[in-house]
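Structure, as structure tokens:
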Amino acid sequence: MTMEDNLATCSLLSVSDKSLSLESAKADITPIPKPGSAEFARLCRALDHRSFGYRVIKRLFDIVFSACVVIVGFIPSVILSIAVAAETKGSPIYSQMRVGKHGKPFRIYKFRSMVADADDVGKYFTPEQLVVWKRERKVDNDPRITKLGRIIRETSIDELPQFLNVLSGQISIIGPRPITYDELREFGDDAALLCSLPGGVTGLWQVSKRNDATFESGERQRIELEYVRKAGLVMDAKCFFGTFGAIFGKNRSGR
């Protein structure tokens, strides 16, 4: 065998070894479990880094604060429900399925701030708005929002029914914004990390760059995951008190 033949053989063996290494590496990669499955829930629990003490304190705060809001806000909520129903036909309460802790689905509640058939986006959006909606699940100057709806959105009053979700333990007062399964795909391999703790009525995204942070830019994902990684009493206090600035301050977020 000539020297050229030996070199060719070595080259083929090298390429073959690299191919085998790549195949082995691919085989070692464990696919991310499907959200909502038992495997996904186990992965979420494994990624939950919060201490037992923190979780107890957080849950106690959720129960006490939410109970106070529900009691104090009962009569105003009844009045608002009548006003919403009087402005446009339909139930004054809007509900939608969202992804909860460990990927478990739950129904979230809000005061309806849009027309009753708001889910029929093709009826109200221009082609350009539809493109934005499919990407971000929101559009500027949304034509579906009612006059009263704009007011309750700007003051976040539409979120009041979510304190019932908090009392039931489906979400917390502070946490990542509960999202749909379609939106969860935007988090890729970090989906389980996001679902490792319950979502919240308010959180870091709402008090920071709510209107500017988009899924397309990746900023929305970065902010939500930052909260998950830094979740603790200090972070929760920052988000809780920052919410008042987001609602009533000069740079209030509005939606």
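Counting in numbering that gives the first Met the number 0, the sequence shown runs from 0 upward without gaps.
Positions of the beta carbon are idealized from the N, C-alpha and C atoms, including for glycine.
As the structure is a computational prediction, the values presented were derived from the model and not from experiment.
Take residue i as the anchor and find which of the options has the nearest alpha-carbon.
i	options	result
residue 200	37, 166, 131 and 228	166
residue 170	189, 157, 39 and 195	195
residue 179	98, 143 and 203	98
residue 40	65, 193, 84 and 234	193
residue 103	243, 240 and 177	177
residue 46	83, 146, 101 and 72	101
residue 128	207, 140 and 202	140
residue 238	208, 31 and 70	208
residue 114	31, 33, 44 and 85	85
residue 147	244, 35, 55 and 78	78
residue 34	218, 187, 243 and 71	187
residue 57	72, 197 and 42	197
residue 255	60, 59 and 76	The requested residue 255 is not part of the displayed model; the chain covers only 0 to 254.
residue 220	184, 59, 105 and 73	184
Report the rounded CA-to-CA distance for residue i versus residue j, giving the unit in angstroms.
i	j	result
residue 138	residue 123	11 angstroms
residue 96	residue 52	30 angstroms
residue 20	residue 153	Unreliable placement is indicated for residue 20, whose pLDDT of 44 sits below 50; the coordinate value is still reported in the next sentence. The straight-line gap from Cα to Cα measures roughly 56 angstroms.
residue 182	residue 231	25 angstroms
residue 120	residue 145	15 angstroms
residue 212	residue 130	17 angstroms
residue 132	residue 81	30 angstroms
residue 162	residue 125	34 angstroms
residue 241	residue 118	31 angstroms
residue 228	residue 83	39 angstroms
residue 88	residue 116	10 angstroms
residue 68	residue 49	26 angstroms
residue 37	residue 108	26 angstroms
residue 65	residue 202	16 angstroms
residue 151	residue 32	38 angstroms
residue 175	residue 54	15 angstroms
Is residue i helix, strand or coil by DSSP?
i	result
residue 114	coil
residue 207	coil
residue 21	Below a pLDDT of 50, predicted positions are generally treated as unreliable, and residue 21, at 37, falls in that range; the measurement from the model is reported next regardless. Residue 21: helix per DSSP, three-state reduction.
residue 28	In this predicted model, residue 28 has a pLDDT of only 44, less than 50, meaning its place in the structure is not dependable enough to derive any value.
residue 150	helix
residue 144	strand
residue 230	coil
residue 237	helix
residue 101	helix
residue 67	helix
residue 242	helix
residue 194	coil
residue 215	coil
Only counting the same chain, and skipping five residues up and downstream in sequence, which positions put a Cβ closer than 6 angstroms to that of residue i?
i	result
residue 215	134
residue 235	173
residue 142	123
Give me, in chain order, the residues of the same chain whose beta-carbon lies closer than 7 angstroms to that of residue i; leave out the 5 immediate sequence neighbours on both sides.
i	result
residue 224	189, 192 and 193
residue 155	246
residue 90	111
Kindly identify the DSSP beta-bridge partner or partners of residue i.
i	result
residue 95	107
residue 201	173
Leaving out the 5 sequence neighbours to the left and right, which residues in its chain are closer than 8 angstroms to residue i when beta-carbon positions are compared?
i	result
residue 218	208, 211 and 212
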